[in-house]
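Chains as they are written, first to last, in this note's numbering: chain A, 1 to 112; chain B, 1001 to 1113.
Note that beta-carbon positions come from the ideal geometry of N, C-alpha and C, so glycine has one too.
Following: one structure in structure tokens, then a few remarks.
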Amino acid sequence: NAGVTQTPKFQVLKTGQSMTLQCAQDMNHNSMYWYRQDPGMGLRLIYYSASEGTTDKGEVPNGYNVSRLNKREFSLRLESAAPSQTSVYFCASSADRGYEQYFGPGTRLTVT
Amino acid sequence: DAKTTQPPSMDCAEGRAANLPCNHSTISGNEYVYWYRQIHSQGPQYIIHGLKNNETNEMASLIITEDRKSSTLILPHATLRDTAVYYCIVRGTGGTSYGKLTFGQGTILTVHP
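What follows is the structure, given as structure tokens:
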């Protein structure tokens, strides 16, 4: 099992460009999450999907959109990137909302 | 969810037990205590969780005080690979906070040879 995979690993964008971060899990988990981590900080929840077909805002949703494409995949889109979105983005999944979360390796995004 | 307080950093000698404390004095009866760690630049890794009773798995032990206002994560024989940031998180079980993890600053554990 690969667990949680994320693509790309690194990305550099110019202000105003758009991109989609991809996340997939092969553990048949119902719930998936997107977090961001700024330097020296803990993780902050952007969006989550409790189950296929549902998405909800987390702590810092502004500037992002998500799509739960199917049970395996949960993507995060930046429509118009800003320097404040420079961060490391982690995707996670859990069997259900109340269970432990398993994290991917992260995407390091720089917006110039 | 209840707020947690952890020391910013701790040191431990390799082979010795590492005892990481966490204060969660406002925890409510149905909230769980979770521990995760993050090794440099990697995604967080789940370690252990508990509600009231002490818990043990292949990675660590979790000791929760009887009043549940504090807990201690114990790594019984720390190795250099245990050097990481350790996060203590109180997780709600109902309402809009259900399933969400709120990460604080954590404790930087450095294991020395």
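Contact defined as beta carbons within less than 8 Å: I believe residue i pairs with residue j. What is the distance between those atoms, to the nearest angstrom?
i          : j          : result
Gln37(A)   : Phe90(A)   : 6 Å
Val4(A)    : Tyr102(A)  : 6 Å
Thr7(A)    : Ala81(A)   : Wrong, their Cβ atoms sit about 17 Å apart, outside the cutoff.
His1024(B) : Lys1069(B) : 6 Å
Lys1100(B) : Leu45(A)   : 6 Å
Gly63(A)   : Tyr47(A)   : Between Tyr47(A) and Gly63(A) the Cβ distance is about 11 Å, and since that is not below 8 Å, they are no contact.
By alpha-carbon positions, which one of the options ends up nearest to residue i?
i          : options                                           : result
Glu1058(B) : Asp1067(B), Glu1031(B), Gly1050(B) and Leu1075(B) : Leu1075(B)
Ser1009(B) : Leu1062(B), Asn1019(B) and Lys1052(B)             : Asn1019(B)
Arg72(A)   : Trp34(A), Leu45(A), Lys9(A) and Glu52(A)          : Glu52(A)
Arg1037(B) : Ser1070(B), His1049(B) and Gly1015(B)             : His1049(B)
Asn30(A)   : Tyr64(A), Ala95(A) and Thr55(A)                   : Ala95(A)
Ala2(A)    : Leu43(A), Gly63(A), Thr107(A) and Gln25(A)        : Gln25(A)
Thr1004(B) : Gln11(A), Leu13(A) and Gly42(A)                   : Gly42(A)
Ser93(A)   : Val12(A), Trp34(A), Thr107(A) and Gln22(A)        : Trp34(A)
Asp56(A)   : Leu109(A), Gln17(A), Cys23(A) and Arg97(A)        : Arg97(A)
Gln22(A)   : Val66(A), Thr54(A) and Ser87(A)                   : Val66(A)
Gln17(A)   : Thr54(A), Gln85(A) and Arg108(A)                  : Gln85(A)
Trp1031(B) : Leu1073(B), Pro1113(B) and Asp1067(B)             : Before going further, note that residue 1031(B) is Glu rather than Trp in the sequence given. Nearest of Leu1073(B), Pro1113(B) and Asp1067(B) to Glu1031(B), Cα basis: Asp1067(B).
With a Cβ-Cβ cutoff of 8 Å, do residue i and residue j count as a contact?
i          : j          : result
Arg68(A)   : Met32(A)   : yes
Gln1042(B) : Pro39(A)   : no
Cys1022(B) : Cys1088(B) : yes
Val111(A)  : Pro83(A)   : yes
Ala1060(B) : Ile1039(B) : no
Gln1006(B) : Gly1092(B) : no
Val1090(B) : Ile1064(B) : no
Ala1078(B) : Gly1029(B) : no
Look up residue i in the DSSP assignment and say whether it is helix, strand or coil.
i          : result
Pro39(A)   : coil
Gln1038(B) : strand
Ser84(A)   : helix
Leu1080(B) : helix
Gly3(A)    : coil
Asn1023(B) : strand
Ser93(A)   : strand
Ala1060(B) : coil
Asp1011(B) : strand
Asp56(A)   : strand
Gln25(A)   : strand
Asn1053(B) : coil
Thr107(A)  : strand
Asn1030(B) : coil
Arg1091(B) : strand
Tyr99(A)   : coil
Phe1103(B) : coil
Leu1075(B) : strand
Val1005(B) : The sequence shown places Thr at residue 1005(B), not Val. Thr1005(B) falls in the strand class under three-state DSSP.
Glu79(A)   : coil
Gln17(A)   : coil
Ala121(A)  : Residue 121(A) lies beyond the residue range present for chain A, which begins at 1 and ends at 112; the question has no answer from this structure.
Asn70(A)   : coil
Thr1110(B) : strand
Asn30(A)   : coil
At least one CB of chain E closer than 8 Å to the CB of residue i: is that the case?
i          : result
Leu1020(B) : Among the protein chains in the structure shown, which are A and B, there is no chain E.
**Q.** Contact the segment 1075-1083 of chain B vs the segment 1105-1113 of chain B: 3+ CB pairs below 8 Å
**A.** Per the Cβ contact rule, the segment 1075-1083 of chain B is in contact with the segment 1105-1113 of chain B (3 or more Cβ pairs under 8 Å).
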